[in-house]
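All remarks here apply to the structure that follows.
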Amino acid sequence: MARATARHILVNTEAEALNLKEQIAGGADFAELAKKHSSCPSSRDGGNLGSFGPGQMVPEFDQVVFSAPVGVVQGPVKTQFGMHLLEVTSRED
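Counting in full-length UniProt numbering, the sequence shown runs from 1 upward without gaps.
The following block contains the structure:
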């Protein structure tokens, strides 16, 4: 069964997510931005969500995590929780 590890930053608006994505593209550290800006409890661990399989996260999240290239920041992705920037850190298919 497929498994992935990922990290994310959860914010309220698309504008916030795009601003953070731009900062990451410019060399800012994903984990540090997650600690400062993410509203998810995972922010304490730099946005790390650990390892999970398909169906364990909301569908919008799963779709990105199980199709996006590893190590490339994706998003913003809208879910019921807000706007996410996602980075798949590893995946086994």
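Glycine included, each C-beta is placed from N, C-alpha and C at the ideal position. Source: prediction; values computed, not measured.
Backbone secondary structure at residue i - three-state DSSP
| i | result |
| --- | --- |
| Phe52 | strand |
Best match in the options for proximity to residue i [C-alpha to C-alpha]
| i | options | result |
| --- | --- | --- |
| Gly47 | Asp29, Asp62, Gln23, Pro59 | Asp29 |
| Arg91 | Lys21, Pro69, Gly75 | Pro69 |
| Glu22 | Gly75, Asp93, Val88, Ser38 | Gly75 |
| Ser38 | Met57, Thr89, Arg7, Phe66 | Arg7 |
| Ala15 | Met83, Thr89, Val88 | Met83 |
| Ile9 | Val58, Lys36, Glu60, Ser67 | Lys36 |
Inter-residue Cα distance where the pair is residue i and residue j
| i | j | result |
| --- | --- | --- |
| Gln80 | Gln63 | 15 Å |
| Leu32 | Leu86 | A small correction: the amino acid at residue 32 is Glu; Leu does not occupy that position in the sequence shown. Taking the straight line from one Cα to the other gives about 14 Å. |
| Val77 | Asp93 | 22 Å |
| Thr89 | Asn19 | 21 Å |
| Ala34 | Ala25 | 14 Å |
| Pro41 | Met57 | 15 Å |
| Phe66 | Gly27 | 25 Å |
With a cut-off of 8 Å, do at least 3 Cβ pairs link the region 2-11 to the region 35-55?
yes
Scan the UniProt domain "PpiC" (1-90) and note each continuous beta strand (DSSP E) run of 3 residues or more that stays entirely inside, going in chain order.
3-11, 48-52, 74-79
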